[in-house]
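> Sharing a structure, written as structure tokens. Questions coming.
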Amino acid sequence: MNQRLINLIIIFIILGLSIWIIIPDNPGIKIGDFERNLDTILGLDLQGGLQVLLETDLPEDSNFDPQSLMDAKLILENRSNALGVSEVLFQVAGNNRIVGEFPGLTNTEEVIKVLKQTGQLEFVDFGDVILEPGTKINTDIGLDKTETTPVETTSGGESQPAEDKIWPTVMTGNHIKSVGVTTNEFGQFIIQFELDDEGAGIFKEYTTNNVGKILAIVLDKMVISTPRIEDAITDGSGIITGNFTYDSANSLAVQLRYGSLPIPLKVAESRVIGPTLGQDSLQKSLLAGVIGLIIVALFMIVYYRVPGIVAVFSIIIYGLVTFALFKFIPVTMTLPAIAGFLLSTGGALDANILIIERLKEELRSGKSVKNSVFLGWKRAWPSIRDSNAATIITSAILFWFASAYGASIVKGFAVTLAIGVIISLLSATLVSRTFLGIVMDWIKPSDVDKMVGL
Amino acid sequence: MLNILGKRYFFFGLSLLLILPGMLILLFSGIPLAIDFTGGSFLDLKFSDSTVPQPAQVITLLNGLGLTDVQVSSTTDNTLIIRTTFLNEEKRSEVLNTLKDQIDPDLVVQRFDSVGPTIGAEVAQRAALAVGLAALGVVLYIFFAFRGVAHSLRYGICAILAELHDVLVIISIIAIGAKFFGWQVDSLFLTALLTIIGFSVQDTIVVFDRIRENSNIYKKLDFETLVNHSIVQTLMRSINTQLMTSEFLLLSLVLIGGVTLREFSFILLIGLLMGTYSSIFIAAPILVVWENKEWKYWFRGKRQTTT
């Protein structure tokens with residue numbers, strides 16, 4: 006009885022946590038650096054949007070540093086900020102691809118254009134003017150050089166140019182030789198750069214003649230910082246300060262280092278998944294799923310009586326906990342992911358059915374209720390364990406393989422299946438067993454036949 | 029007691045009957061693969077009421093842009109589906125602009141997919157390899173978990189044979205669907221297949237577990253009777269699990285779920301049914317066939333049957 010009490014407490018703590026995670030207006034979790042907003046993330050196939058698959062545009066047997074793919078991903082993330090949608094997701098897929106997902110977008114051309122834009126750094130002569138970081142400005146670069154990307158298309162249009170004034174550019178980022186992130190004496194993150202010889206020359210000449218003036222650092226026509234020239238810089242190195250976190254400093258450094266992508270990428274695949282496939286399908290299918298589940302619950306209760314009620318209860322807990330985990334991790338809900346969840350729900354049902362069928366067998370052979378509950382569980386367990394273990398092995402191999410080669414369908418399926426199976430094992434050992442024991446204790450021995458449906 | 033094993037060759041024949049037609053279709057006309065696997069472009073356009081063009085008109089227009097392999101089909105709701113070879117970015121905008129200029133400036137792009145020729149095939153190949161590896165993992169696990177009974181490796185191999193059976197039946201059903209209802213194999217199919225494979229093995233192990241348990245209890249019983257007994261003992265569970273997981277849940281999806289999921293749910297429904305079917309009528313019987321080494325009698329006209 007003592008063990009049962011402990012189990013009950015554990016069950017209700019887990020259940021409480023899960024329900025708290027699931028309630029729709031959950032404020033999210035924030036403990037120190039750990040943050041989760043606990044939204045349900047719908048995959049593109051469910052909510053519609055655009056998917057672009059980029060592939061390295063290199064000869065097949067050429068080697069490149071895997072890090073450069075990660076850098077490219079970082080740059081792409083920065084570039085796509087200009088699109089103004091919040092849930093853009095980039096993932097490195099396999100060893101030569103990056104998948105970008107743009108929920109709610111359908112304009113392929115626009116997205117691809119933004120992805121191809123390069124970050125252009127300029128050192129701009131501001132004279133004595135200081136503008137807020139983030140201000141959009143015009144410079145004389147791009148007016149006389151035709152190869153520069155027109156900025157208007159990528160500005161996102163949220164902030165107007167501060168003035169119509171065209172600022173003179175002293176030098177572009179093309180002269181930057183190396184970039185690094187470090188901290189200054191105040192512990193702030195700064196970006197340190199070194200210029201090539203030509204750049205060092207330009208810098209030296211300009212800073213010597215303009216001590217006390219503002220030399221703004223501008224990326225893609227947006228002011229990053231407006232440092233004052235304290236001294237002539239003669240050694241061709243300098244720093245950029247700004248309100249940086251490590252991540253923002255690093256991503257800017259990466260962008261400066263390459264200007265363009267570290268490796269050439271081409272669009273290998275792009276698909277627009279229309280809202281028709283998403284919305285209509287999702288709602289009807291959800292309804293269908295709910296109806297199906299209600300029928301399952303009714304059948305369980307009618308056929309298996311009291312143990313059936315326990316099973317339904319156990320499945321509901323399994324469902325709540327699993328779904329809460331999906332929100333917590335978070336797992337992107339795609340169709341394959343739902344299929345994996347469905348399959349593990351089948352497994353959870355099966356575990357309960359196995360236990361109940363075994364219980365009935367033991368009761369039929371004339372054993373006492375207490376003994377039957379114990380033996381029913383004991384005999385059902387090896388089959389539950391081994392069948393689920395095989396499924397876990399399968400999903401582990403699928404997951405590992407899919408991650409290595411970037412088959413996102415397979416990966417989504419494997420993740421939810423594995424989580425679902427593990428939770429269903431827990432719910433069978435903890436919830437079904439505990440509650441079956443408690444409930445069967447309540448039943449009078451004379452009523453057992455009726456309550457169990459022998 | 030119900031004698032399921034006695035009719036094992038009947039059920040083997042039944043399975044063959046399910047598998048063969050699809051395999052023949054596959055052999056002679058192939059299964060149409062969606063662009064997920066072949067590469068190409070798929071364009072789903074919705075026109076305003078009065079402007080829906082004739083397919084021929086669109087084909088001529090696109091031929092004018094230098095696209096040769098163009099298929100256009102019209103569906104309901106003013107919608108046209110255009111299939112063609114892989115279009116790069118420039119070609120895509122060229123196609124859209126032309127259609128907007130020439131036919132309907134307000135046309136809505138419901139879907140525009142371009143898939144490079146190699147990607148889908150690659151994903152499919154790798155998924156197949158992963159499934160193969162997973163099957164090997166399962167064989168090894170069963171070999172280990174059943175180490176207490178004689179010939180434990182057989183159990184693993186039979187579970188995978190049953191899984192293979194389910195996959196073949198599904199491919200056959202899809203080939204038939206493709207031939208007669210215009211189905212296309214896309215990446216959803218891959219998802220369905222993975223689900224079916226997972227279920228198949230899980231279900232088989234439950235039946236095998238009963239054989240494992242019984243072979244420790246009834247040591248004297250001959251193997252065929254033992255297996256038959258185990259199947260009958262787990263029958264209620266097999267039927268009920270099957271009813272709940274697939275019939276109730278998936279049937280409602282097939283009947284009222286979104287159109288896009290209907291095919292998927294149907295394939296899943298058949299596949300899960302096969303998962304249960306094959307545990308009882310394929311996996312366990314093959315164990316018996318193996319134990320009796322029945323192939324020795326296959327071509328001698330007389331079959332050894334035990335009662």
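Chains Z and X supply the protein sequences, listed in that same order.
Our numbering puts the last residue of the first sequence at 459; the count rises by one with no breaks.
Our numbering puts the last residue of the second sequence at 335; the count rises by one with no breaks.
Cβ coordinates follow ideal geometry from the N, Cα and C atoms, glycine included.
Given that N242/X touches chain Z, what residues does it touch there, using C-beta distances under 7 Å?
Counting from 1 along the second sequence, the entry for residue 242/X is found at position 214. Going along chain Z, no residue has its Cβ under 7 Å from N242/X, so there is no contact; the nearest lies around 11 Å.
> Give the range of the beta strand (DSSP E) segment to which L55/Z is assigned.
By 1-based counting over the first sequence, the position of residue 55/Z is 50. Taken as a continuous stretch (DSSP letters only), the beta strand (DSSP E) holding L55/Z covers G54 to T61.
> Quick check: what's the CA-CA separation for M29/X versus E252/X?
Here residue 29/X is taken as the residue at index 1 of the second sequence, counted from 1. Here residue 252/X is taken as the residue at index 224 of the second sequence, counted from 1. C-alpha of M29/X to C-alpha of E252/X: approximately 13 Å in a straight line.
> Just list the alpha helix (DSSP H) runs in the stretch 93-122 of chain Z, keeping only unbroken ones of 4 residues or longer that don't cross its boundaries, in chain order.
113-121
> Along the stretch 301-326 of chain Z, where does the CB come closer than 8 Å to a CB of chain X? Name the residues.
V301, F304, M305 and Y308
> Could you tell me whether the stretch 223-234 of chain X touches the stretch 185-203 of chain X, using the rule of 3 or more Cβ pairs below 8 Å?
yes
> Under 8 Å between C-beta atoms, does T113/Z make it to chain X?
Taking the first residue of the first sequence as position 1, residue 113/Z is located at position 108. So yes, T113/Z belongs to the interface.
> Give a yes or no on whether 8 Å exceeds the smallest Cβ distance from P341/Z to chain C.
Protein chains Z and X are contained in the structure displayed, whereas chain C is not.
> State buried or exposed for R369/Z, treating a residue as buried only when at least 16 other CB atoms are found within 10 Å of its CB.
Position 364 of the first sequence, counted from the start, is the residue given in the question as residue 369/Z. Its Cβ having fewer than 16 others within 10 Å, R369/Z is exposed.
> Could you tell me which uninterrupted beta strand (DSSP E) segments, each at least 3 residues in length, are contained entirely in the stretch 165-198 of chain Z, listed from first to last along the chain?
166-172, 174-177 and 181-188
> DSSP has T112/X in a bridge; who is on the other side?
Your numbering for residue 112/X matches position 84 in the second sequence. DSSP, once it has assigned bridges, lists S69/X as partnering T112/X.
> Taking the CB atoms as reference points, tell me whether E274/Z and S142/X lie closer together than 8 Å.
Here residue 274/Z corresponds to residue number 269 of the first sequence, with the count starting at 1. Here residue 142/X corresponds to residue number 114 of the second sequence, with the count starting at 1. Against a cut-off of 8 Å, the Cβ pair of S142/X and E274/Z comes out as a contact.
> Beta carbons nearer than 7 Å to chain Z: which residues of the stretch 244-270 of chain X have them?
Residues passing the 7 Å Cβ filter: M264, R265, N268 and T269.
> Spell out the partners DSSP gives G132/Z in its beta bridges.
For the purposes of this step, residue 132/Z is taken as the residue at position 127 of the first sequence. Its beta-bridge partners are I219/Z.
> If T107/X and L73/X are in contact, beta carbons under 8 Å, what's the gap, nearest whole angstrom?
The sequence position of residue 107/X within the second sequence is 79, counting from 1. The sequence position of residue 73/X within the second sequence is 45, counting from 1. Right, their Cβ atoms sit about 7 Å apart.
> Using a Cβ-Cβ cutoff of less than 8 Å, which residues in the same chain neighbour I202/X once the five nearest sequence positions on both sides are dropped?
Walking along the second sequence from the start, residue 202/X turns up at place 174. So the list reads G50, I59, W211, V213, F217 and I295, once near-sequence residues are dropped.
> Take the Cβ of K78/Z as the centre, count every other Cβ of all protein chains shown within 10 Å, and call the residue buried at 16 or more, exposed below.
Along the first sequence, read from residue 1 onward, the residue named residue 78/Z stands at position 73. K78/Z counts as buried, since no fewer than 16 other beta carbons sit within 10 angstroms of its beta carbon.
> Measure how close the beta-carbons of G345/Z and A419/Z come, nearest whole angstrom, since I'm counting them as under 8 Å.
Position 340 of the first sequence, counted from the start, is the residue given in the question as residue 345/Z. Position 414 of the first sequence, counted from the start, is the residue given in the question as residue 419/Z. Indeed they touch by this definition, with Cβ atoms about 7 Å apart.
> Do you know how far the Cα of V175/Z is from the Cα of D130/Z?
Locating residue 130/Z in the first sequence gives position 125, counting from the first residue. Locating residue 175/Z in the first sequence gives position 170, counting from the first residue. CA-CA distance, D130/Z to V175/Z, rounds to 6 Å.
> Got a sec, what are the start and stop residues for the beta strand (DSSP E) D141/X sits in?
Here residue 141/X corresponds to residue number 113 of the second sequence, with the count starting at 1. Start and end: V136 to V143.
> Under 8 Å Cβ-Cβ, which residues of chain X neighbour K375/Z?
Within the first sequence, the letter at position 370 stands for residue 375/Z. Near K375/Z there are no residues of chain X at all, since even the closest Cβ is about 22 Å away, more than 8 Å.
> Under the three-state reduction of DSSP, which class applies to F39/Z: helix, strand or coil?
Position 34 of the first sequence, counted from the first residue, corresponds to residue 39/Z. F39/Z: strand per DSSP, three-state reduction.
> My output table needs one value for I34/Z: the three-state DSSP class, helix, strand or coil.
For the purposes of this step, residue 34/Z is taken as the residue at position 29 of the first sequence. I34/Z: strand per DSSP, three-state reduction.
> Label F327/X either buried or exposed according to how many other C-beta atoms from any shown protein chain fall within 10 Å of its C-beta, with 16 as the threshold for buried.
As a working note, residue 327/X is residue 299 in the second sequence. It counts as exposed.
> Among M456/Z, L257/Z and A98/Z, whose alpha-carbon lies nearest the alpha-carbon of L59/Z?
In the first sequence, residue 59/Z corresponds to position 54, counting from 1. The candidate whose alpha carbon is nearest that of L59/Z is A98/Z.
> State the Cα-Cα distance for the pair L330/Z and I181/Z, rounded to the nearest angstrom.
Working through the first sequence from its first residue, we reach residue 330/Z at position 325. Working through the first sequence from its first residue, we reach residue 181/Z at position 176. Going from the Cα of L330/Z to the Cα of I181/Z covers about 46 Å.
> For R233/Z, write down the residues that DSSP places opposite it in a beta bridge.
As a position in the first sequence, residue 233/Z is number 228, starting the count at 1. DSSP, once it has assigned bridges, lists I219/Z as partnering R233/Z.
> Measuring CA to CA, which of I334/Z, K449/Z, G33/Z and F191/Z is closest to K375/Z?
Residue 375/Z sits at position 370 when you count from the first residue of the first sequence. Nearest neighbour of K375/Z by Cα position, chosen from I334/Z, K449/Z, G33/Z and F191/Z, turns out to be K449/Z.
> Which chain Z residues are close to Y169/X, counting only those with a beta carbon under 7 Å from its beta carbon?
For this step, residue 169/X is matched to residue 141 along the second sequence. In chain order: A394, A395 and I398.
> Please identify the residue among L54/X, Q99/X and R139/X whose C-alpha is closest to the C-alpha of F75/X.
Mapped onto the second sequence, residue 75/X falls at position 47. Nearest C-alpha to F75/X: R139/X.
> Determine the burial state of V156/Z: buried for a count of at least 16 other Cβ atoms within 10 Å of its Cβ, exposed for fewer.
Along the first sequence, read from residue 1 onward, the residue named residue 156/Z stands at position 151. Annotation note: pLDDT 41 at V156/Z (below 50); position unreliable, no value reported.
> First and last residue of the beta strand (DSSP E) that includes S102/X?
To locate residue 102/X, count along the second sequence from 1; it is residue 74. Taken as a continuous stretch (DSSP letters only), the beta strand (DSSP E) holding S102/X covers Q99 to S102.
> Here's a check: name, in chain order, each residue in its chain whose Cβ is nearer than 8 Å to the Cβ of L43/Z, leaving out the five neighbours to either side.
Along the first sequence, read from residue 1 onward, the residue named residue 43/Z stands at position 38. If we look at L43/Z and ignore the five residues flanking it on each side, its Cβ neighbours are I26, N31, G33, I34, K332, F333 and P335.
> Give every residue of the same chain whose Cβ lies closer than 7 Å to the Cβ of D201/Z, excluding the five residues on either side of it in the sequence, and list them in chain order.
Your numbering for residue 201/Z matches position 196 in the first sequence. Hits under 7 Å: H180 and K182.
> Counting pairs of Cβ atoms below 8 Å between the stretch 429-444 of chain Z and the stretch 10-20 of chain Z, do you hit three or more?
yes
> So, for T339/Z: in the same chain, excluding its five sequence neighbours on each side, which residues have a beta-carbon less than 7 Å away from its beta-carbon?
The sequence position of residue 339/Z within the first sequence is 334, counting from 1. G48, D50, L51 and G417.
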